[in-house]
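Residue numbers (our numbering): 79 to 472. Heads up, the beta-carbon is just placed ideally off N, CA and C, and yes, glycines get one too. Quantities reported herein were computed from a predicted structural model and do not represent experimental measurements.
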Ligand SMILES: [Zn+2]
């Protein structure tokens, strides 16, 4: 397998910062040659117009975590690009792309996603059912802008994410967060207990057998299904039979939510790629291909839904990466345990309302910059977030 860092960066003692910079530069080069995007710096002050201005009142934002962690050699590098045809050919040419988004926090999926959602590197136990310690983007959004609970939603395929919607911060917290929908709970409720034909949609938490949140699903979930998503149990079960994975189930639920509720702030966490922990390379790559396709399908839904078309900004970013083949402390693609710069140096793309198309920036940004950026876009003040607004998107 080809290593994707430039030769010049290999085999010499580089600082983590230097490795991250090299990675960003090579990522930019891959994108420029394959997707035909321009380097951003010089264009900032030039004449590339933002799309039609959308007032922050009407603007909608969807955040998708390209979840589970994928490496460049299976994605942006020349030998990986066949796995992400939709990103490369459709989405990246329409987006502003950041090649160096560094995650300096804990590399566990729940705690990293909570950090993305709070703008603070959270230190909560990754494998416990705990709320984030700092206010989430949903709380800032709802409190500052006086939005109802129906306007902020999270769709989370991992059962351990049921507390992601709201923190236990005293000035925010209870009653101000996002509503969280767990598609596997919906499905369990719809099945009334047994798992029958749906085992493949209920797989959860690929990382540790010791943390297996209980699959619940009862009256509350049946109400979500029928009252909010306007799906009958039978229709839902019949459709679920056609789906191939938990993320596919999540996207189905998210699209239904967009049609029926049309929240202004929608957050979807993907998780299929994390099947890599099981050690099967082919399943990991299949997860990447599916996530690539699902991102494009979501963007299509944005275009086809009147509530979203023309006024939605879509963000896609991973929670973090995976270990390189060359770090002897890890086992290559399988895990994200070494904390090396490659598993920390991720990326982010933004597209849609108010965002320049086909531009790449490779200056360093951080995972904690997302929430302040959303605050600046939508007009709320994430006062406890640590990151900085990304000026290139404002
Ligand atoms: Zn993982």
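Considering only residues of the stretch 134-221, which uninterrupted alpha helix (DSSP H) runs meet the minimum length of 4 residues and lie entirely inside it, listed in chain order? 187-196
Under a three-way DSSP split, which group does residue 420 fall into? If you number the chain shown from 1, residue 420 lands on position 342. Residue 420: helix per DSSP, three-state reduction.
Hey, residue 231 and residue 339: beta-carbon distance below 9 Å or not? In the chain shown, counting from the first residue as 1, residue 231 sits at position 153. In the chain shown, counting from the first residue as 1, residue 339 sits at position 261. Yes, the pair counts as a contact, with Cβ atoms nearer than the cut-off.
Alpha carbon to alpha carbon, how far is residue 140 from residue 361? On the chain shown, residue 140 is found 62 positions in, with the first residue counted as 1. On the chain shown, residue 361 is found 283 positions in, with the first residue counted as 1. Rounded to whole angstroms, residue 140 to residue 361 spans 27 Å at the Cα level.
Ligand 1 and residue 414: does any heavy atom of the ligand fall closer than 8 Å to the residue's C-beta? Looking up residue 414 in the chain shown gives position 336. Checking every heavy atom of ligand 1 against the Cβ of residue 414, one is found closer than 8 Å.
For a test of the three-state rule: what should DSSP assign to residue 344, helix, strand or coil? Here the question's residue 344 lines up with position 266 in the chain shown. In this structure, residue 344 counts as strand in the three-state DSSP scheme.
Sequence-distant residues of its chain with Cβ nearer than 7 Å to residue 381 (five each side left out): The residue given as residue 381 occupies position 303 in the chain shown. Taken in chain order, the residues that qualify are 387.
Taking the C-alpha atoms as reference points, what is the distance between residue 130 and residue 390? As a first step, residue 130 is located in the chain shown; it is residue number 52 there, counting from the start. As a first step, residue 390 is located in the chain shown; it is residue number 312 there, counting from the start. Low confidence applies here, because residue 130 scores a pLDDT of 48, under 50, leaving its location unreliable and the question unanswered by this model.
Rank 351, 197, 110 by C-alpha distance to the C-alpha of residue 464 and give the top, closest one. Here the question's residue 464 lines up with position 386 in the chain shown. Residue 197 is the option with its Cα nearest to residue 464.
So what does residue 233 bridge to, in DSSP terms? What you label residue 233 is simply residue 155 of the chain shown in a count that begins at 1. In DSSP, residue 233 forms a bridge with 259, 346.
Please state whether DSSP places residue 435 in a helix, a strand or coil. Here the question's residue 435 lines up with position 357 in the chain shown. In the structure shown, residue 435 sits in coil (DSSP, three-state: anything other than H, G, I, E or B).
Beta-carbon proximity list for residue 366, same chain, < 6 Å, skipping 5 on both sides: Against the chain shown, residue 366 aligns to sequence position 288. Closer than 6 Å at the Cβ level, and outside the excluded window around residue 366, lie 148, 152, 161, 351.
Does the Cβ of residue 203 have 16 or more other Cβ atoms within 10 Å, making it buried, or fewer, making it exposed? Position 125 of the chain shown holds residue 203. By the neighbour-count rule (16 or more Cβ atoms within 10 Å), residue 203 is not buried but exposed.
Kindly list the residues whose CB is nearer than 6 Å to the CB of residue 345, restricted to its own chain and excluding five residues on each side of it in sequence; keep chain order. Position 267 of the chain shown, counting from 1, holds the residue named residue 345. These residues qualify, in order along the chain: 141, 232.
Assumed close pair residue 429, residue 392 - CB separation to whole angstroms, cut-off 8 Å: Indexing the chain shown from 1 puts residue 429 at position 351. Indexing the chain shown from 1 puts residue 392 at position 314. Indeed, because the Cβ distance is near 5 Å, the residues count as touching under 8 Å.
For residue 366, does the three-state DSSP call read helix, strand or coil? By 1-based counting over the chain shown, the position of residue 366 is 288. Helix, per DSSP.
Minimum C-alpha distance to residue 283 - residue among 307, 222, 472, 239: Numbered from 1 along the chain shown, position 205 holds the residue referred to as residue 283. Nearest C-alpha to residue 283: 239.
For the 8 Å Cβ check, are there 3 or more pairs between the stretch 208-224 and the stretch 326-333? no
Is it the case that the CB of residue 284 approaches a heavy atom of ligand 1 more closely than 8 Å? Within the chain shown, residue 284 is the residue found at index 206, counting from 1. Residue 284 Cβ: within cutoff of ligand 1.
Within its chain, find whatever has a CB closer than 8 Å to the CB of residue 302; leave out the 5 residues flanking it on each side and keep chain order. Residue numbering aside, residue 302 sits at position 224 when the chain shown is read from its first letter. 259, 264.
Short of 7 Å in beta carbon distance, which residues of its chain neighbour residue 164, apart from the five on each side in sequence? Order them along the chain. Residue 164 sits at position 86 when you count from the first residue of the chain shown. Closer than 7 Å at the Cβ level, and outside the excluded window around residue 164, lie 370, 371, 373, 374.
Cβ pair residue 166, residue 116 closer than 9 Å: For the purposes of this step, residue 166 is taken as residue 88 along the chain shown, with counting starting at 1. For the purposes of this step, residue 116 is taken as residue 38 along the chain shown, with counting starting at 1. No; because the gap between Cβ atoms is not below 9 Å, this pair is not in contact.
Please report the straight-line C-alpha distance between residue 354 and residue 414, rounded to a whole angstrom. As a first step, residue 354 must be located in the chain shown, where it is residue number 276. As a first step, residue 414 must be located in the chain shown, where it is residue number 336. One C-alpha to the other measures close to 10 Å.
Does at least one heavy atom of ligand 1 sit under 8 Å from the Cβ of residue 229? Walking along the chain shown from the start, residue 229 turns up at place 151. No, since every heavy atom of ligand 1 falls outside the 8 Å radius drawn around the Cβ of residue 229.
Going by DSSP, name the residue or residues bridged to residue 395. As a first step, residue 395 must be located in the chain shown, where it is residue number 317. DSSP, once it has assigned bridges, lists 143 as partnering residue 395.
Nearest-angstrom Cα distance between residue 307 and residue 336? For the purposes of this step, residue 307 is taken as the residue at position 229 of the chain shown. For the purposes of this step, residue 336 is taken as the residue at position 258 of the chain shown. So the two alpha carbons sit approximately 9 Å from each other.
Tell me the DSSP bridge mates of residue 426? Position 348 of the chain shown, counting from 1, holds the residue named residue 426. Bridge partners of residue 426: 176.
Among the candidates 419, 400, 418, whose CA atom is the shortest distance from the CA of residue 411? Taking the chain shown and counting its residues from 1, the one referred to as residue 411 is at position 333. That would be 400, whose Cα lies nearest to the Cα of residue 411.
With 16 as the cutoff for other CB atoms within 10 Å, does residue 420 come out buried or exposed? Against the chain shown, residue 420 aligns to sequence position 342. Classification of residue 420: buried, given that the 10 Å Cβ count is 16 or more.
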